[in-house]
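Heads up, the thing below is written out as structure tokens.
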Amino acid sequence: MAAEVRWRVAPGTWEDAEALVGKEITRSEGVDPVNLPDIRRRLEVLAWDSPIHYDAEAARAVGHDGIVSPATMVVSWCLPAYWTPGDRRPEPGDPVLMPNYPFPNIPAPGTALFAAGCKTRYFADAHPGDRISSRSTLLSVTRKRLRIGDGAFMVVRTDYFKQPDTLVATEDMTVFRYTPEQEAA
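Be aware that the sequence shown starts at 674, since it is given in the numbering used here, and climbs by one per residue.
Here you go:
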């Protein structure tokens, strides 16, 4: 049986969360540059045969500067390491095995959250050797009571950049953070 993973969320009030609207809440930089072996592995699992991702001449023939990373890998390229040598060994279900998403860092009530929507726009290619970083800003907090519990829809915009500050993509993610009814009772 798989272990349940619970997010470690920053405690706080809805007023604490609302005070962060318009402010940067997280920043990260990828541990590895964009690279051909990881692009190849992504193409393999998707069985995605697009020559711009593995053939520099084919990519240049359609206007790219060379091999292009699949656009959807931009998030992967800016992830920090989950574990590094010298750290303790994680246990199954340990939150250290989860990416450092911005939502749990927002001080607010509620112990549960789920994704409610995502919109991503792409502006520039990422090529082998590029370093990808991200900055996340809280755009809005909209309180709402749903059958599952009291909470709020929160929208975070994450901008992804390659060196020095070229915008690669922008992602607007909406989550609902809430206190489950059984916990509130």
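Backbone N, C-alpha and C fix where the C-beta goes; we use that ideal spot for every residue, glycine too.
Simplified DSSP state of residue i, which is helix, strand or coil
i, result
"Asp711", "helix"
"Val735", "coil"
"Pro765", "coil"
"Ala788", "strand"
"Ser749", "helix"
"Ile779", "coil"
"Val814", "strand"
Residue i - containing beta strand (DSSP E), residue span
i, result
"Val848", "839-853"
"Glu697", "697-702"
"Phe834", "822-835"
Boundaries (first-last residue) of the alpha helix (DSSP H) holding residue i
i, result
"Asp689", "687-692"
"Val741", "Per DSSP, Val741 belongs to no alpha helix (DSSP H) and is neither H nor E."
Contact under 8 angstroms by Cβ, residue i with residue j
i, j, result
"Ala789", "Phe834", "no"
"Pro684", "Asp803", "no"
Residue i at chain D interface by Cβ criterion, 8 angstroms
i, result
"Thr757", "In the structure shown, chain D cannot be found, because there is only a single protein chain."
Original post:
Is the segment 798-817 in contact with the segment 825-832, if contact means three or more CB pairs nearer than 8 angstroms?
Top reply: yes
Subject >> the segment 697-713 touching the segment 738-753, judged by at least three CB pairs closer than 8 angstroms >> reply: yes
**OP:** Kindly confirm or deny that the segment 685-700 and the segment 777-785 touch, where touching means at least three C-beta pairs closer than 8 angstroms.
**Re:** yes
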